[in-house]
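Student: Pasting in a structure now, in structure tokens, and then I'll have a few things to ask.
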Amino acid sequence: MIAGRPSGACLYPIMAKLDLSSGAPLAALTNLAGLTRSELGAALRERFGLDVKQARMRASQLWRWVYDFGARDFSVMSNIGKEMRTALAEQFEIARPKVIERQVSTDGTRKYLLGFGPGIEVECVFIPNVGRTGALCVSSQVGCTLNCTFCHTGTQKLVRNLTAAEIIGQVIAVKDDLEEWPSDKADRQLSNVVFMGMGEPLYNLDNVAKAIEVISDGEGIGLSRRRITVSTSGVVPQMHDLGEQTSAMLAISLHATNDALRDELVPINRKYPLAELLEACRNYPGASNARRITFEYVMLKGVNDSDDEARELVRLLKGIPAKINLIPFNPWPGAPYECSSWERIEAFAEIVNRAGYASPIRTPRGRDIQAACGQLKSESVKKRASELRREAAV
Ligand code: SF4
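Here is the structure:
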């Protein structure tokens with residue numbers, strides 16, 4: 001827990017109503033914000049005994065209110081009868097994660113620390129003027145197991161995977177802050193979602209896939225799958241499934257052109273070396289010149305930024321529909337690397353460009369609030385269940 005901050009104990013995703021006479025908890029309220037369509041239908045069937053057709057119709061109405069209009073309350077649902085609204089409020093809620101901290105950079109980047117219950121906190125970042133209008137970088141895990149040496153998140157041990165509802169909750173909380181309801185409003189700022197925050201998304205693929213299903217649904221938040229990118233450090237066995245299940249765009253956290261260096265920078269490379277990783281990229285479902293794979297390459301002074309490495313990068317990516325994002329290293333306290341000089345980055349980009357690859361140099365965004373690429377981290381630590389119960393009771 002960050003010192004001096006209120007406890008992050010928001011009751012999410014479910015909370016119990018109390019019986020007024022005995023004080024005992026009544027049946028738990030299920031949070032609708034974060035359910036898939038089929039989960040929503042199943043919840044309605046279970047709580048109200050609706051048949052499949054009735055549940056589908058009611059789920060459609062609720063879907064629009066929750067994901068298109070951003071409703072937080074059943075009372076605003078004007079196309080649902082009053083009695084039904086009351087019954088819904090007795091069984092369900094439409095909850096948000098708790099915004100524990102919100103920081104705005106001088107360049108307009110917004111970083112949020114969100115709480116999903118005792119000890120479960122993650123950061124996400126909204127970056128304006130990226131993608132069509134603006135990109136939200138979401139987290140998929142609290143902490144990470146992978147220890148990439150250039151990444152601040154890698155210094156935080158894994159606490160747990162986020163649920164699909166908690167991933168969707170990040171999108172909803174930021175849409176609240178940007179006042180982006182209804183979801184199809186003409187001047188919306190949030191056009192892209194990238195899974196590049198805390199955690200390795202492919203170690204939490206089921207929940208990531210469910211979250212993508214919800215945020216890309218055209219009758220709700222409605223983000224195009226071509227504007228949803230999942231970045232992996234190289235979990236080769238899950239890459240094909242990601243493409244098959246989600247049709248999301250793929251990004252690879254590459255950062256080195258030989259196994260010896262990549263073993264050091266991205267240690268999962270010891271398990272899935274470059275040749276296997278690049279083969280999985282060649283076979284990624286739907287990859288084409290219109291749907292290129294993005295290769296992220298962080299520029300580390302004297303480590304991976306020579307002309308020879310630029311040429312080797314071009315050679316390695318031959319035959320893969322690719323674009324290369326060069327990322328000036330964003331320092332964090334205690335980081336063992338320095339960022340390459342601007343001249344070096346430009347010289348590297350020039351070689352890659354001349355070989356015919358788009359290789360934009362990513363402008364660092366939100367550095368002043370530690371919101372830039374590889375800088376995210378929360379204070380969450382893995383706790384025993386008994387500790388969590390004790391904290392929740394306070
Ligand atoms: S780069 Fe991604 S996979 Fe590697 S430690 Fe950081 S969050 Fe984990």
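As numbered in this note's numbering, residues 1 to 394 make up the sequence shown, in order. From the three backbone atoms N, C-alpha and C, an ideal C-beta is built for every residue, glycine too.
(1) For HIS255, count neighbouring C-beta atoms within 10 Å of its own C-beta (all shown protein chains included) and say buried if the count is 16 or more, exposed if not.
(2) Between LEU326, PRO333 and ARG344, which lies nearest to PRO360 when the distance is taken from Cα to Cα?
(3) Alpha carbons only, please: which of VAL303, SER253, ASN31 and SER183 is nearest the one belonging to ALA165?
(4) Assuming CYS419 is part of the alpha helix (DSSP H), what are its boundary residues?
(5) Using the Cβ count rule (16 or more neighbours within 10 Å means buried), how would you classify GLU46?
(6) Answer yes or no: do ILE345 and LEU146 have a C-beta to C-beta separation smaller than 8 Å?
(7) How many whole angstroms separate the CB atoms of ALA43 and LEU50, which I take to be in contact at a CB cut-off of 8 Å?
(8) On the premise that MET299 lies in contact with ASP307, defined as a C-beta separation below 8 Å, what is that separation, rounded to the nearest angstrom?
(9) Decide yes or no for the touch test of the segment 89-102 against the segment 68-80: beta carbon pairs closer than 8 Å, at least 3 of them.
(10) Spatial neighbours of GLN54 within its chain, please: C-beta separation below 7 Å, excluding the five flanking residues on both sides.
(11) Helix, strand or coil for GLU296 per DSSP?
(12) Can you tell me whether ASN283 is buried or exposed, with buried defined as 16 or more other CB within 10 angstroms of its CB?
(13) Keeping to the same chain, check which residues put their C-beta closer than 8 Å to that of LEU205; ignore five residues upstream and five downstream.
(14) Measure the C-alpha to C-alpha separation of GLU276 and ASP187 and round it to an integer number of angstroms.
(15) Relative to the alpha-carbon of GLY115, which residue among ALA349, GLN141 and ILE212 has its alpha-carbon at the smallest distance?
(16) Evaluate LYS82 with the Cβ neighbour count: other Cβ atoms within 10 Å of its Cβ, from every protein chain shown; 16 or more gives buried, anything less gives exposed.
(17) Could you check which residue in LEU274, ALA322, TYR337 and LEU136 has the C-alpha nearest to that of ASN289?
(18) Using the beta-carbon of each residue, find all residues closer than 5 Å to any heavy atom of the ligand SF4 and list them in chain order.
(19) Note down, in chain order, each residue of its chain lying with its Cβ closer than 8 Å to the Cβ of TYR357, except the 5 sequence neighbours on either side.
(20) CA-CA distance, LYS271 and LEU202?
(21) Quick one, are the C-beta atoms of ILE94 and ALA173 less than 8 Å apart?
(22) So for LEU190, helix, strand or coil by DSSP?
(23) Can you have a look at GLY334 and say buried or exposed, based on whether 16 or more other CB atoms are within 10 angstroms of its CB?
(24) Do MET77 and TRP65 have their C-beta atoms within less than 8 Å of each other?
(25) Let me confirm a value: SER233 is counted as buried when at least 16 other C-beta atoms fall within 10 Å, else exposed. Which label applies?
(26) Comparing C-alpha positions only, which one of ASP259, THR294, SER139 and ARG102 sits nearest to LYS111?
(27) Round the Cβ separation of GLU123 and SER105 to the nearest angstrom and send it over; I've been treating them as touching at under 8 Å.
Tutor: If we stick to the structure as given:
(1) For this step, residue 255 is matched to residue 255 along the sequence shown. Counting the other CB atoms within 10 Å of its CB gives HIS255 a total of 16 or more, which places it among the buried residues.
(2) Position 360 of the sequence shown, counted from the first residue, corresponds to residue 360. Selected option, being the one with the closest Cα: LEU326.
(3) Looking up residue 165 in the sequence shown gives position 165. Minimum Cα-Cα distance from ALA165 among the listed residues VAL303, SER253, ASN31 and SER183 corresponds to ASN31.
(4) With the chain covering 1 to 394 only, the question about residue 419 has no answer from this structure.
(5) Locating residue 46 in the sequence shown gives position 46, counting from the first residue. The residue is exposed, with fewer than 16 neighbouring Cβ atoms inside 10 Å.
(6) Numbered from its first residue, the sequence shown carries residue 345 at position 345. Numbered from its first residue, the sequence shown carries residue 146 at position 146. Going by C-beta atoms, ILE345 is not nearer than 8 Å to LEU146.
(7) Position 43 of the sequence shown, counted from the start, is the residue given in the question as residue 43. Position 50 of the sequence shown, counted from the start, is the residue given in the question as residue 50. With 8 Å as the limit, ALA43 and LEU50 do not qualify as a contact, their Cβ atoms being about 10 Å apart.
(8) Walking along the sequence shown from the start, residue 307 turns up at place 307. Walking along the sequence shown from the start, residue 299 turns up at place 299. About 13 Å separates the beta carbon of ASP307 from that of MET299, a gap too long to meet the 8 Å contact definition.
(9) At 8 Å Cβ cutoff, the stretches touch.
(10) Position 54 of the sequence shown, counted from the first residue, corresponds to residue 54. In the same chain as GLN54, and ignoring 5 residues on each side of it, no C-beta atom comes closer than 7 Å to its own.
(11) Counted from its first residue, the sequence shown places residue 296 at position 296. GLU296: strand per DSSP, three-state reduction.
(12) In the sequence shown, residue 283 corresponds to position 283, counting from 1. By the 16-neighbour rule on beta-carbons within 10 angstroms, ASN283 is exposed.
(13) Within the sequence shown, residue 205 is the residue found at index 205, counting from 1. Closer than 8 Å at Cβ, skipping near neighbours: GLN238, ASP241, LEU242 and GLN245.
(14) Locating residue 276 in the sequence shown gives position 276, where the first residue counts as 1. Locating residue 187 in the sequence shown gives position 187, where the first residue counts as 1. The straight-line gap from Cα to Cα measures roughly 43 Å.
(15) Along the sequence shown, read from residue 1 onward, the residue named residue 115 stands at position 115. Considering only alpha carbons, the answer is GLN141.
(16) As a position in the sequence shown, residue 82 is number 82, starting the count at 1. Around the C-beta of LYS82, fewer than 16 other C-beta atoms lie within 10 Å, and the residue is accordingly described as exposed.
(17) Mapped onto the sequence shown, residue 289 falls at position 289. Checking every option, the nearest Cα to that of ASN289 belongs to ALA322.
(18) Matched residues: CYS144, LEU146, CYS148, CYS151, THR153, GLY154, GLU200 and SER233.
(19) Taking the first residue of the sequence shown as 1, we reach residue 357 at position 357. Cβ neighbours of TYR357 beyond the five flanking positions: VAL314, LEU317, ALA322, LYS323 and ILE324.
(20) On the sequence shown, residue 271 is found 271 positions in, with the first residue counted as 1. On the sequence shown, residue 202 is found 202 positions in, with the first residue counted as 1. Pairing LYS271 with LEU202, the inter-Cα distance amounts to about 15 Å.
(21) Counting from one through the sequence shown, the residue named residue 94 turns up at place 94. Counting from one through the sequence shown, the residue named residue 173 turns up at place 173. No; because the gap between Cβ atoms is not below 8 Å, this pair is not in contact.
(22) In the sequence shown, counting from the first residue as 1, residue 190 sits at position 190. It is coil, neither helix nor strand.
(23) Position 334 of the sequence shown, counting from 1, holds the residue named residue 334. Residue environment: GLY334 is assigned as exposed (fewer than 16 neighbouring CB atoms within 10 Å of its CB, all protein chains considered).
(24) Start at 1 with the first residue of the sequence shown, and residue 77 comes out as number 77. Start at 1 with the first residue of the sequence shown, and residue 65 comes out as number 65. MET77 is a Cβ neighbour of TRP65, given a cutoff of 8 Å.
(25) In the sequence shown, counting from the first residue as 1, residue 233 sits at position 233. Sixteen is the threshold: when 16 or more other Cβ atoms of the shown chains lie within 10 Å of the Cβ of SER233, as they do, the residue is buried.
(26) Residue 111 sits at position 111 when you count from the first residue of the sequence shown. Answer by Cα proximity: ARG102.
(27) For the purposes of this step, residue 123 is identified with residue 123 of the sequence shown, where counting begins at 1. For the purposes of this step, residue 105 is identified with residue 105 of the sequence shown, where counting begins at 1. About 13 Å; that fails the 8 Å criterion.
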